[in-house]
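Taken in order, the sequence shown gives residues 2 to 239; the numbers are from this note's numbering. Think of the CB as a built atom: it goes at the ideal place given N, C-alpha and C, for glycine as much as any other residue. Let me begin by presenting the structure, written as C-alpha cells, before commenting on it.
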Amino acid sequence: MSQLNVDPQEIAKFEAFAAIWWDQNSEFRPLHQINPLRLNWIDEHAGGLSGKKVLDVGCGGGILAESMARRGAEVLGIDMGAAPLNVARLHAEQENVTNIEYLQVPVEQLAEEQAGQYDVVTCMEMLEHVPDPASIIQACQKLVKPNGHVFFSTINRNPKSYLFAIVGAEYILRMLKKGTHDYSKFIKPSELAHDIRGAGLKLKDMTGLHYNPLTKNYWLAPNVDVNYMVYTRNEGAE
C-alpha cells in the first residue's frame, strides 16, 4: 500500500463526506455549481461526448462522471475511496443511468490493464490531493487513445490562490470544509504544463474558473490565477 500514489489522509477526508456528496446545500455545493461549466467545456473540446468511451479519474461521488454519461458517453469512474464510489453507484442506480461503471483502482494500475482504450480522460480537482501528480498525468496519457482528449483541473499556487481558495472559501465564506485543501500541494500552470509535456501530451487550451461571492455566480475566463482547467491531446511526439 505504501507504493500507491495516494494520500491516506486525503482519502479519509473525502470518505467522511460521502453521505452528503449529492446534497447541493452541503460542502459539495460548489462542485454542483461548477459542473455545468466544466461539463460543457469538456464536451465542446472533445467534439461531443455522445458515443465516446470516457474515463473519469478521481471521480468521487460521481457528479461529473454521471453528467458525462447523461450526455451519451460510456463512462468508467475510478477512485480510491470506497464510500464515495458506493454513493456514486447508488445515485446512478436511483437515476437509472446505466451507461456508467465505477471501480476502486489506482489509475496507474488501470493504465497497465487498459492502455489506449479511452477517447476521453478527465481528472478534475484531484491532482492537488495526491503525492505524485506527474504519475497521474502519465497514466492518463497511457489510457487515452492516439489523438484522444485529456482534461485536468487544479488550483494555482500563489498568494491570491491562498487567499481565495483557502482563506476565502474555507474560512470566510465557508463554502468548503476547513482543511479541504493543502496550499503546498497547489500546482502552478507552468508546473502542470511541464508534467503534461513530460507525459507526451500536447497542451491545447487553458481557462480559469471564477467565482463572485456577491452574485454567487461562476464563469470561465482566461485568467488562471486560482482555479483552472487544462485541455490536452495525445498527439504523440513532434
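Boundaries (first-last residue) of the alpha helix (DSSP H) holding residue i
i: Glu67; result: 64-71
i: Trp42; result: 30-46
i: His195; result: 190-199
Nonlocal neighbours in the same chain, by C-beta distance under 6 Å from residue i, ignoring five residues either side
i: Lys143; result: Ala112, Ala116
i: Asp133; result: Asn6
i: Glu11; result: His130
Bridge-paired residues (DSSP) for residue i
i: Asp206; result: Tyr232
i: Tyr119; result: Val145
i: Tyr1; result: Nothing in the structure corresponds to residue 1, since the chain is present only between 2 and 239.
i: Met125; result: Ser154
i: Asp57; result: Gly78, Thr123
Chain-order list of residues whose beta-carbon lies under 8 Å from that of residue i (same chain, five-residue window excluded)
i: Ala238; result: Note that Ala238 scores a pLDDT of 46, beneath 50, so its modelled location is shaky; the value from the coordinates is reported in the next line. Taken in chain order, the residues that qualify are Gly201.
i: Arg234; result: Asn148, Gly149, His150, Val151, Leu202, Lys203, Lys205
As assigned by DSSP and simplified to three states, the class of residue i
i: Gly180; result: coil
i: Leu5; result: coil
i: Ile167; result: helix
i: Ser27; result: coil
i: Phe187; result: coil
i: Gly237; result: coil
i: Pro132; result: coil
Cβ shell of residue i (< 7 Å), same chain only, five flanking positions each side left out
i: Leu104; result: Leu77, Ile79
i: Met2; result: Bear in mind that the predicted position of Met2 carries a pLDDT of just 33, short of 50, making it unreliable; the figure below should be weighed with that in mind. Correct list: empty, nothing qualifies.
i: Leu32; result: Ile64
i: Gln139; result: Ala200
Delimiting residues of the beta strand (DSSP E) encompassing residue i
i: Ala222; result: 218-222
i: Ser154; result: 145-156
i: Leu50; result: Where Leu50 is concerned, there is no enclosing beta strand (DSSP E), given that its DSSP letter is neither H nor E.
In the stretch 66-117, which residue ranges form an unbroken alpha helix (DSSP H) of at least 4 residues, counting only runs that do not cross its ends? Fully enclosed alpha helix (DSSP H) runs of 4 or longer: 83-95, 108-114.
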